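Engineer:
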Amino acid sequence: MAAIIQEIIQQLVNGISLGSIYALIALGYTMVYGIIKLINFAHGDIYMLGAFIGFFAINIFQMSFFPALIVAMIVAAFFGVVIERLAYRPLRHSTRIAALITAIGVSMLIQNVALLVWKPDPRSFPDVFPFKSYKIWGVYLDNRQLVILGVALFLMVVLHYIVRYTRMGRAMRAVALDDDAARLMGIDVDRVISFTFALGSALAAAAGVLVGIYYNRIDPMMGGMPGLKAFVAAVLGGIGVIPGAMIGGLVMGVAEVAVVALTTSTWKDAVAFGILIIILLLRPAGILGQHEREKV
Amino acid sequence: MWMSRKRMLSAFMVLFMVLAGAVGALAADTFKVGAVGPTTGPVATYGLSVLDAVTLAVEKYNAEGGLLGRQIELIVEDNKADAVETNNAFRKLASRDQVHAIVGAVVTANSIVGSQVAQMMKVPMITPTSTAEKVTLEGDYIFRSCLIDPVQAVIMANFVYDSLNLREVAILTAQTNDYSVGLTDVFIETFGNLGGKVVAAESYSEGDQDFKAQLTKIRARNPEAVYVPGYYTEAGLIARQMRQLGMEQPILGPDGFDSPKLFEIGGEAILGSYFTNHYSKETEDPVSKQFVADYREKYGVDPDGFAALAYDAALILFEAIERAGEDALSKNIAAARQAIRDAMAETKDLEAVTGTLTFDENRNPVKSAVILKVVEDGYEFVERVEP
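Going down the list, the sequences are from chains A and B. Sequential numbering of the first sequence, starting at 85, is according to this note's numbering. Sequential numbering of the second sequence, starting at 74, is according to this note's numbering.
1. Could you list which residues in chain B have their beta carbon closer than 7 Å to that of Asn300 of chain A, in chain order?
2. Flag this pair as yes or no: are the beta carbons of Ala383 of chain B and Gly339 of chain B separated by less than 8 Å?
3. For the region 204-216 of chain A, which residues have a beta carbon sitting closer than 9 Å to at least one beta carbon of chain B?
4. Out of B:Val196, B:Ala247, B:Leu237, state which residue places its alpha-carbon closest to the alpha-carbon of Ser349 of chain A.
5. Looking at the unbroken alpha helix (DSSP H) that takes in Thr118 of chain B, where does it start and where does it end?
6. Just checking, does the region 133-142 of chain A make contact with the region 282-292 of chain A on the three C-beta pairs under 8 Å criterion?
7. Taking buried to mean at least 16 other C-beta atoms within 10 Å of its own C-beta, is Val426 of chain B buried or exposed?
8. Check whether the Cβ atoms of Ser256 of chain A and Val247 of chain A lie closer than 8 Å to each other.
9. Within 8 Å (strictly less), CB to CB, does Ser349 of chain A reach chain B?
10. The beta strand (DSSP E) with Phe104 of chain B in it runs from where to where?
11. Any idea if His351 of chain B is buried or exposed, counting beta-carbon neighbours within 10 angstroms, 16 or more meaning buried?
12. Out of B:Val208, B:Ala386, B:Asp400, point me to the one whose CA is closest to Thr431 of chain B's CA.
13. Name the chain A residues whose beta carbon is nearer than 8 Å to that of Glu275 of chain B?
14. Do you know whose CA, among A:Val97, A:Ile181, A:Phe279, lies nearest Lys388 of chain A's CA?
15. Run down chain A in chain order and give the residues with a C-beta less than 8 Å from the C-beta of Thr202 of chain B.
16. Can you check whether the C-beta of Leu310 of chain B is within less than 8 Å of a C-beta belonging to chain A?
17. Output needed for Ile406 of chain B: all residues of its chain with C-beta closer than 8 Å, excluding positions within five of it in sequence on either side, in chain order.
18. So which residues of chain A does Thr181 of chain B contact, with C-beta pairs closer than 9 Å?
19. Report the three-state DSSP secondary structure of Ile323 of chain A (helix, strand or coil).
20. Using the Cα positions of Asp251 of chain B and Ala205 of chain B, report the straight-line distance between them to the nearest angstrom.
21. Following the continuous beta strand (DSSP E) through Phe216 of chain B, name the residue where it begins and the one where it ends.
22. Taking Glu168 of chain A as the query, report the chain B residues whose CB atoms sit under 9 Å from its CB, ordered along the chain.
23. Residues of chain B with a CB under 9 Å from the CB of Met147 of chain A: which are they?
24. DSSP state of Asp262 of chain A, grouped into three classes?
25. Looking at Tyr234 of chain B: is its Cβ nearer than 8 Å to the Cβ of Phe260 of chain B?
26. Which word fits Ala179 of chain A, buried or exposed, when buried means at least 16 other C-beta atoms lie within 10 angstroms of its C-beta?
27. Any C-beta of chain B sitting closer than 8 Å to the C-beta of Leu294 of chain A?
28. Out of B:Lys421, B:Ile444, B:Ala408, which one is the CA nearest neighbour of Leu325 of chain B?
29. Within a Cβ cutoff of 6 Å, which residues of the same chain sit near Phe104 of chain B, ignoring the five residues on either side of it in sequence?
30. So with Cβ pairs under 8 Å, would you call Asp283 of chain B a contact of chain A?
31. Please classify Asn57 of chain A: does DSSP put it in a helix, a strand, or coil?
32. Counting only the same chain and skipping the five closest in sequence on each side, list residues whose C-beta sits under 7 Å from that of Ala100 of chain B.
33. In three-state DSSP terms, what is Asn231 of chain B?
34. What does a CB cutoff of less than 8 Å around Leu318 of chain B pick up in its chain, not counting 5 residues either side in sequence?
35. Using a Cβ-Cβ distance cut-off of 8 Å, determine whether Asp353 of chain A contacts chain E.
36. Report yes or no: do three or more beta-carbon pairs, one from the region 189-202 of chain B and one from the region 212-230 of chain B, lie closer than 8 Å?
Structure below.
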């Protein structure tokens with residue numbers, strides 16, 4: 085009996101740790117959507133870029149963990165702003181489907197340029213973060229899992245604070261509500277949207293570096309599947325709702341692990357995307373969807 | 074200047090015919106060999122090893138005067154390990170480039186696509202590394218220089234049962250991969266027939282990074298070893314996560330483990346694993362030694378198993394062309410291709426890098442395999458298994 089309970093708890097730990105990675109990526113997704121109603125499919129690729137920038141910062145410039153994380157976030161933020169300026173801004177007033185397709189195009193572009201420049205070989209991420217394993221009553225967990233969960237929670241709170249309580253956040257919400265009205269009120273809409281992208285990309289990069297360290301393997305295609313799953317997590321939690329990304333991510337992670345534990349691992353991805361379909365059918369607004377009326 | 078449409082058309086026709094004639098005349102001077110493999114994409118290290126080795130073989134033969142007095146012209150196509158790209162590459166080589174034969178593809182799923190095109194257009198194809206049985210079953214123009222999956226899985230099952238003396242094994246399969254699924258099926262059957270027990274069979278998708286859920290489930294069944302029939306990209310991560318969950322069992326694998334990246338990704342966790350492979354660079358065989366020396370001189374690194382197999386694929390093809398003689402020189406490309414195919418099928422006791430090989434009736438080589446152990450500074454030769 086004890087062994088079964090241990091296994092259940094271990095699986096729960098596995099699920100929460102996987103879920104906090106989805107949550108980490110989903111935060112940026114959901115925030116960008118909340119402000120400009122664009123599903124930024126390139127988000128997963130910015131996440132990949134972030135991981136690579138962190139990799140180079142550590143390997144070439146010999147930085148330690150925190151400076152590398154900050155550098156990755158800053159450089160990715162810059163990329164986010166450039167992408168928005170070049171690819172999305174010219175389409176600001178065209179249909180949403182045009183912007184969506186452009187986002188897919190940007191995603192492919194980044195992936196393929198990365199493949200060309202960095203070669204498709206997986207690289208192993210340097211061990212810059214000390215690894216400590218804990219065994220508590222037969223359940224294994226490690227400090228990196230805790231850090232990822234902690235960072236995800238921390239960023240969720242910070243993001244919530246920025247959007248809710250800062251001047252820029254108020255401007256973001258105003259743009260989300262009605263960008264024409266916001267412009268008439270003297271808000272520099274372009275600047276607000278640039279800021280949104282910078283913030284979203286910095287979040288993606290932070291996720292990339294952390295996940296790179298956690299799994300110790302990065303490659304130019306790494307943004308694909310986690311990006312999609314994070315998207316499902318964002319929809320599940322209620323796209324555009326910041327705490328929703330956290331909840332959606334954790335639910336996804338635990339659900340995936342539960343599928344493996346209870347049935348067969350063959351169904352893992354099918355269930356992840358099955359969740360998306362069920363959510364869209366039964367509760368399109370997501371778990372925390374009621375707050376959607378405020379649109380952030 | 075104004076020309077009637079008709080005159081312009083005929084002018085173009087003349088130009089086209091002149092060009093086509095020129096191309097035809099050039100083509101007659103060389104043996105064209107296509108090579109298809111991923112030089113970009115997630116498994117590029119395989120493709121690059123293969124292409125490097127084929128290039129080495131081509132240069133070696135050309136330096137010695139080519140084949141039947143003609144030089145070999147190598148045309149490389151990157152298929153990015155993608156099915157559609159593979160299809161396009163094979164069609165281009167077969168019809169536009171009019172190659173005599175194709176070496177490739179590298180990944181099993183691609184070779185299955187490529188074999189359909191090659192068989193349809195009747196171009197001899199030899200895959201160096203695709204181990205799934207069904208690749209050569211596509212038709213009589215399809216060959217390979219590696220052992221087939223069943224052989225690898227049978228060898229591993231026997232090794233686990235007899236040499237390691239283990240009875241309970243768990244399997245973690247890449248369900249999105251033909252190669253991995255093929256190995257799994259044969260391993261389960263063989264190991265079961267020997268009297269062993271597969272206590273857990275779990276799966277993952279290629280590109281997954283988290284395997285802890287599957288591993289936790291496997292751990293509960295207490296296996297004595299875990300068979301991971303897949304590629305190095307995942308095997309390294311699986312090894313790490315096993316150790317993180319307190320699992321100390323040895324990991325068993327197929328030739329997909331053969332990459333320097335295995336050590337980078339797997340670190341200490343991967344040490345002590347065993348895998349089946351096509352060759353060991355520690356052998357004393359003269360053909361093998363010469364190849365290792367040549368390869369090291371040209372590329373500055375040791376050849377891996379993929380390179381050895383690719384070199385053998387080229388060797389089988391080139392030797393067959395020499396044996397086909399006059400018929401392979403035919404201006405009629407279809408006749409030349411058929412002559413080359415016939416000669417390839419008759420390959421017998423060829424001294425190649427990965428052993429002395431003879432083709433069986435399904436154009437699979439009959440030759441030996443090796444078991445290697447992953448140790449700190451590379452692979453340690455454990456035993457050679459004769460067919």
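For each residue, glycine too, the CB sits at the ideal point set by N, CA and C. Here the structure is a predicted model, which is why all the values come from computation and not from measurement.
Structural biologist: Taking the geometry as given:
1. Arg313, Ile338
2. no
3. Pro204, Asp205, Pro206, Arg207, Ser208, Asp211, Phe215
4. B:Ala247
5. 117-136
6. yes
7. buried
8. Rather than Ser, the amino acid found at residue 256 of chain A in this sequence is Met. Yes, these two residues count as a Cβ contact at 8 Å.
9. yes
10. 103-110
11. buried
12. B:Ala386
13. Val344, Thr348, Ser349
14. Here chain A comprises residues numbered 85 to 380, so residue 388 of chain A is not present and cannot be evaluated.
15. Neighbours of Thr202 of chain B on chain A: none; closest Cβ ~17 Å, over 8 Å.
16. yes
17. Gln171, His173
18. In chain order: nothing, as chain A lies at least about 18 Å away.
19. coil
20. 7 Å
21. Counting along the chain, the unbroken beta strand (DSSP E) around Phe216 of chain B starts and ends at 215-217.
22. What Glu168 of chain A touches in chain B: nothing, since even the nearest Cβ is about 28 Å away.
23. What Met147 of chain A touches in chain B: nothing, since even the nearest Cβ is about 20 Å away.
24. Collapsing the DSSP output to three states places Asp262 of chain A in coil.
25. no
26. Reading the sequence as shown, one finds Thr at residue 179 of chain A and not Ala. Result: exposed.
27. no
28. B:Ile444
29. Once the five neighbours on either side are set aside, the close Cβ partners of Phe104 of chain B are Leu140, Arg143, Ile145, His173.
30. yes
31. For chain A, the structure presents residues 85 to 380; residue 57 of chain A sits outside this window and is missing.
32. Reliability of the predicted coordinates at Ala100 of chain B is poor, the pLDDT of 46 falling under 50, and no value is obtained from them.
33. helix
34. Lys285, Leu288, Thr289, Arg292
35. Going by chain labels, chain E is absent from the structure shown, which instead holds the protein chains A and B.
36. yes
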